Amino acid sequence: MNTSAPSKPILTIIVATDAENGIGVRNTLPWHLPEDLAHFKRTTSGHPIIMGRKTFESIGRPLPNRRNIVITRNPEWQHEGVETVNSVEAAAALANTSTDASGANIEAFFIGGAEIYAAAQPLCDRLIITEIGKRFDCDAFFPARDPQQWQENSRISHHSADNDFDYAFVEYSRK
1 MNTSAPSKPI LTIIVATDAE NGIGVRNTLP WHLPEDLAHF KRTTSGHPII
51 MGRKTFESIG RPLPNRRNIV ITRNPEWQHE GVETVNSVEA AAALANTSTD
101 ASGANIEAFF IGGAEIYAAA QPLCDRLIIT EIGKRFDCDA FFPARDPQQW
151 QENSRISHHS ADNDFDYAFV EYSRK
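Per the working numbering, the very first residue in the sequence shown carries number 1; after that it's consecutive.
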């Protein structure tokens, strides 16, 4: 009989930010970057995703091939194909019940919005940030990343010819 405690899942934030940490305007993305959307899909497919209600409503439907967990203060709110909780801690605990074929916990992703990112960042082990090298008119922002707590592990730089701006897929881990 295995008496060891279950492993803690890796909790990760995945986000795209502009040059000033902007992430959205009027609950939408202020840029169109298909390469980032493809990166998001590749990275999160098969994993639990955790988001706030406004982020879910901006998407409009549960994302396929992912366990969709929505954080809301409204205990009456529900949507088919979505599990609801009332805090980032409850979402992390619920994601902890997701396992792969071997029974190991699988990585869960916080996908927004700004309030969720701020509340989740202290719980997270990793940040995956698409850093866009251009400023956009944003009204929602990703919280400042403390360089004393986060170490850059990888950076893959690109240029979007369609948008004429540089961007990079950057991964950070907690120090």
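Backbone N, C-alpha and C define an ideal beta-carbon position, used for all residues, glycine too. Only a predicted model underlies this, so the values are computations on that prediction, with no experimental measurement involved.
> Under the rule that 16 or more other beta-carbon atoms within 10 Å means buried, what is I156, buried or exposed?
Replying inline: Sequence index remark: in the sequence shown, residue 156 carries index 156 (1-based). It counts as exposed.
> If you scan the segment 96-120 from start to end, which runs of the alpha helix (DSSP H) of 4 or more residues do you find wholly inside it?
Replying inline: Runs of the alpha helix (DSSP H) lying entirely within the segment 96-120 and spanning at least 4 residues, in chain order: 114-120.
> From P48 to E35, what does the alpha carbon distance come to, in whole angstroms?
Replying inline: To locate residue 48, count along the sequence shown from 1; it is residue 48. To locate residue 35, count along the sequence shown from 1; it is residue 35. In a straight line, the C-alpha of P48 is about 21 Å away from that of E35.
> Three-state secondary structure (DSSP) at T176?
Replying inline: The structure shown has nothing for residue 176, since the chain only spans 1 to 175.
> What runs of the alpha helix (DSSP H), each 4 residues or longer, lie entirely inside the segment 48-87?
Replying inline: Runs found: 53-59.
> From I69 to K134, what distance separates their C-alpha atoms?
Replying inline: Reading the sequence shown from its first residue, position 69 is the one you call residue 69. Reading the sequence shown from its first residue, position 134 is the one you call residue 134. Taking the straight line from one Cα to the other gives about 31 Å.
> When burial is assigned at 16 or more other CB atoms within 10 Å of the CB, is R67 buried or exposed?
Replying inline: As a first step, residue 67 is located in the sequence shown; it is residue number 67 there, counting from the start. Burial call: buried.
> Looking at C-alpha atoms only, which residue of N86, E171, H158 is the closest neighbour of N74?
Replying inline: Here residue 74 refers to the residue found at position 74 when the sequence shown is read from its first residue. When each option's Cα is compared against that of N74, the closest is N86.
> Are F141 and I50 close, meaning C-beta to C-beta below 8 Å?
Replying inline: Numbered from its first residue, the sequence shown carries residue 141 at position 141. Numbered from its first residue, the sequence shown carries residue 50 at position 50. With contacts defined as CB atoms closer than 8 Å, F141 and I50 fail to qualify as a contacting pair.
>> When you compare the CB positions of E131 and A168, do they come within less than 8 Å of one another, or not?
In response: As a first step, residue 131 is located in the sequence shown; it is residue number 131 there, counting from the start. As a first step, residue 168 is located in the sequence shown; it is residue number 168 there, counting from the start. Taking a C-beta distance under 8 Å as the contact criterion, E131 and A168 qualify as a contact pair.
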